[in-house]
Amino acid sequence: MAEPETSGGPSRTARRNPWVARAGALGLALLTLGTGWWAGRATLSPPESASPAAADPIMYEVVEGTVGQAVSFTAEATWAPAPLAVNAASGTVTSVDVADGDTLTAGDVVYTVGLEPVVALPGAVPAFRDLSVGLEGADVRQLEQFLVSEGRLRTADSRYGEDTAGAVRAWQRALGRPPTGTVGPAGLLFVPRLPARVLVDDALQVGAIVSPGQAALSALADAPEFAVVLSSQQQDSVPLTAAVEVHAGNTSWSGVIADAVATPEGDLRLRLTGPGGGALCGADCGQVPVSGAPRYRTDVVLVPETSGPVLPVAAIVTAPDGTTHVVHEDGQQAPVEIVAAAEGRAVVSGVEIGDRVRLLPGAGVGAPASADGPS
4 MAEPETSGGP SRTARRNPWV ARAGALGLAL LTLGTGWWAG RATLSPPESA SPAAADPIMY
64 EVVEGTVGQA VSFTAEATWA PAPLAVNAAS GTVTSVDVAD GDTLTAGDVV YTVGLEPVVA
124 LPGAVPAFRD LSVGLEGADV RQLEQFLVSE GRLRTADSRY GEDTAGAVRA WQRALGRPPT
184 GTVGPAGLLF VPRLPARVLV DDALQVGAIV SPGQAALSAL ADAPEFAVVL SSQQQDSVPL
244 TAAVEVHAGN TSWSGVIADA VATPEGDLRL RLTGPGGGAL CGADCGQVPV SGAPRYRTDV
304 VLVPETSGPV LPVAAIVTAP DGTTHVVHED GQQAPVEIVA AAEGRAVVSG VEIGDRVRLL
364 PGAGVGAPAS ADGPS
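Just so we're aligned, residue 4 is where the sequence shown starts under my numbering, counting upward by one.
This is the structure in structure tokens:
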């Protein structure tokens, strides 16, 4: 007897057409794969982003201002002395009656030796002999010319007569000296040019022993020389055509760089003068100390201070042809001319105070739109 069929065996239809079962299984697999691909793509793909909106331009409000640029150095002032007079006295210096920088005039007592005054008189011939009645010469004439200027003698004839001796006695009384009518070389200091600003020789001190032939006085130049010394690292930062401002307390002197001389050490020495080549300190040179080397702050002007409508250079557009313009808030271009520029700011013509202009993209972040800030 035959065994009955169980439920786990293949059906009769399947046994008759096996391709039907295979096609069904393949379709189910494709459906599952397609569903998984769509789900993964939907999960892993980034969302489409919206195109960014253009950033609003940064505006700047034109203001009244001043631009300028200078670099500061130190200038030294030195007085150039020249030999002026030689002592003719012998003995101990008992007083020195002039100081460095004093202006010496005819008839001034310069110093005393053994309490005897030594008086400055104008003249190119030094004192070398006793002047008394009967002598003639250029030294006599120099003494007589002084006596004439004092109103003690009528004429200077280079002859030491009784009239000259009388004038000498009157002068000696005025000095508080015995009226001898004669003058020895020790009491005279003939100076080629008077008045003159002087330096007293270091050896001429109270208590010092002096002898004929020692230097007594030097004459100062009419003005000190001002100079700035630049190191090799500083030289490229200073144009030799620049103007300078030298500051002395509450006073300032304007000048120029007159010349530049290289030193053996590799430095560059800039000599400063007034704009026309004269004394830098002008009428104030008497305020400059004659001893030592006083120092003064000196500004080398790279960009002279200029006032007017000011805006950032980041607002100025330079065209290929070299012309410059700005862009107003409404997008209109306006030609401008740069009058002066320094440290990122410029004074320009072609705009008005209060105009609002655009800063160049990327250059104006953080720049003020007015005196207070961007808008």
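Virtual Cβ for every residue (Gly too), placed ideally from N, Cα, C.
CA-to-CA distance, residue 248 to residue 131, given in whole angstroms: 49 Å
With distances taken from CA atoms, which of 229, 189, 242, 233 is nearest residue 219? 189
Considering only the beta carbon of each residue, do residue 271 and residue 261 sit closer than 9 Å? no
I'd like the span of the beta strand (DSSP E) that includes residue 68, first residue to last. 66 to 81
Check each candidate in 338, 234, 341, 211 and name the one with the smallest Cα separation from residue 94. 211
Cut-off 6 Å between Cβ atoms - residues of its own chain near residue 144, not counting five sequence neighbours on either side: 159, 161
May I ask which residues mark the beginning and end of the beta strand (DSSP E) holding residue 246? 246 to 251
Less than 8 Å between the CB atoms is what I'm expecting for residue 259 and residue 76, so what's the real figure, rounded? Between residue 76 and residue 259 the Cβ distance is about 15 Å, and since that is not below 8 Å, they are no contact.
State the CB to CB distance for the pair residue 72 and residue 306, rounded to an integer number of angstroms; the pair is presumed to be in contact (CB under 8 Å). 4 Å
Going by beta-carbon coordinates alone, are residue 69 and residue 308 separated by less than 9 Å? yes
So, with DSSP's three-state summary, where would you put residue 85? strand
Helix, strand or coil for residue 139 per DSSP? strand
For residue 296 and residue 82, the rounded distance between their alpha carbons: 8 Å
Inter-residue Cα distance where the pair is residue 199 and residue 239: 41 Å
Return the chain-ordered list of same chain residues with a C-beta closer than 8 Å to the C-beta of residue 150, the five sequence neighbours on each side being excluded. 156, 159, 167, 170, 171, 174
Does the count of Cβ pairs from the segment 322 to 334 and the segment 94 to 109 closer than 8 Å reach three? no
Continuous beta strand (DSSP E) stretch holding residue 336: start and end: 336 to 345
In whole angstroms, what is the alpha-carbon distance linking residue 90 and residue 185? 19 Å
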